[in-house]
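A short worksheet on the structure shown next.
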Amino acid sequence: MSSSTLRTLTTPKRALFTCFLLTIGIGYIMALLYLFLVDFDPHQKMGMNASEGISMKYGGQQGKTRLEAALRGSMSDRLDPGDKQEIIQWIRGGATANGYEKVKPNFEKNCMACHSAKSGLPVPPLTSFEEVRKVTQIDTGASLSQLARVSHVHLFGIGIIFLLTGAIFALSGVSEKLRLVIIILPYVTIWADIGAWWITKYQPVFAYVVLIGGGFMGLALALQILISLWEMWFKNVKLIPADVQRET
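Under my numbering, the first residue of the sequence shown is numbered 22, with each subsequent residue one higher.
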């Protein structure tokens with residue numbers, strides 16, 4: 022008995038698989054866009070390349086606070102040099118409550134329009150000493166509890182996605198060895214990617230593993246989707262001439 026392939030599936034099954042694969046593909050593109058806007062673009066504005074941004078995200082900036090890093094990076098052009106220097110000196114002096122009264126006018130003039138709950142922007146509020154104090158702590162990057170939470174969500178979610186896309190791709194007509202590689206590859210890359218998050222917190226060089234793992238995971242997903250779509254709808258499609266159709 023011959024086994025089913027993508028090309029021999031009924032039209033309703035091919036339509037179902039196609040809708041699922043296209044939805045996953047579009048979702049992955051949206052995830053990449055979100056990643057760029059939230060992680061890569063802000064770090065580029067601070068003069069960092071991709072690996073430096075990843076290293077900062079997971080390992081922090083030892084010896085620098087989040088506020089000082091922002092003042093020297095993405096927010097550097099939003100303040101007058103004198104105001105910026107006063108805030109930096111206050112941070113390095115211990116960011117005390119007494120000293121805050123001196124720099125409070127600088128925050129009111131330059132920061133509070135955006136950094137407040139009323140603005141609705143996804144930025145930390147800076148309307149009081151207690152709020153400012155939170156971003157004057159040494160930036161140690163993602164905490165272990167944050168890493169554990171994000172890791173298990175990604176492993177469960179992405180694992181299920183690749184189970185489904187891999188099950189569809191397993192019905193393709195490519196060689197068994199190539200199918201095996203493309204089915205296993207995304208799992209290996211997500212293990213490497215997430216494992217590198219943890220190691221990057223202590224060894225910044227592993228930020229390159231995060232980039233490489235993510236790149237190969239995207240490649241594997243693209244191959245699973247595109248090859249499956251090709252075989253379901255385009256492979257070995259023979260157009261019947263109009264005169265032959267009329268004779269039949």
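All C-beta atoms, glycine included, are put in the ideal place defined by N, C-alpha and C.
Between the stretch 208-226 and the stretch 71-82 there are three or more inter-stretch CB-CB distances shorter than 8 Å, so the stretches are counted as touching.
Apart from sequence neighbours up to five positions away, the residues of its chain that approach Ile179 with a beta-carbon distance below 6 Å are Ile211, ordered along the chain. Around the beta-carbon of Asn70, fewer than 16 other beta-carbon atoms lie within 10 Å, marking it exposed.
Annotated three-state conformation of Lys222 is coil, per DSSP. Take Leu42, set aside five residues on each side of it, and the residues of its chain with a beta-carbon closer than 7 Å to its own are Thr186, Ile189, Ile246, Ser249, Leu250, in chain order. Judged by DSSP in its simplified three-state form, Asp101 adopts coil rather than helix or strand. In the structure shown, the three-state DSSP call for Lys198 is helix. For Arg87, the uninterrupted alpha helix (DSSP H) segment begins and ends at 87-93. Here Thr32 is exposed, its C-beta having fewer than 16 other C-beta atoms within 10 Å. In the three-state DSSP reduction, Gln158 falls in the coil class, being neither helix nor strand. Checking the DSSP bridge columns, you'll see Gln82 partnered with Asp160.
Nearest neighbour of Val231 by Cα position, chosen from Leu244, Ala213, Gln224, turns out to be Ala213. Each of Glu73, Ala228, Glu129, Ser140 was checked against the Cα of Val153, and the nearest Cα belongs to Glu129. For Arg28, there is no enclosing alpha helix (DSSP H), since its DSSP letter is neither H nor E. Around the C-beta of Cys132, 16 or more other C-beta atoms lie within 10 Å, and the residue is accordingly described as buried. Rounded to whole angstroms, Val59 and Leu206 show a C-alpha spacing of 27 Å. The count of Cβ pairs closer than 8 Å, one atom from the stretch 85-92 and one from the stretch 155-166, reaches three, so the stretches are in contact.
Ser72 and Pro126 have their C-alpha atoms roughly 36 Å apart.
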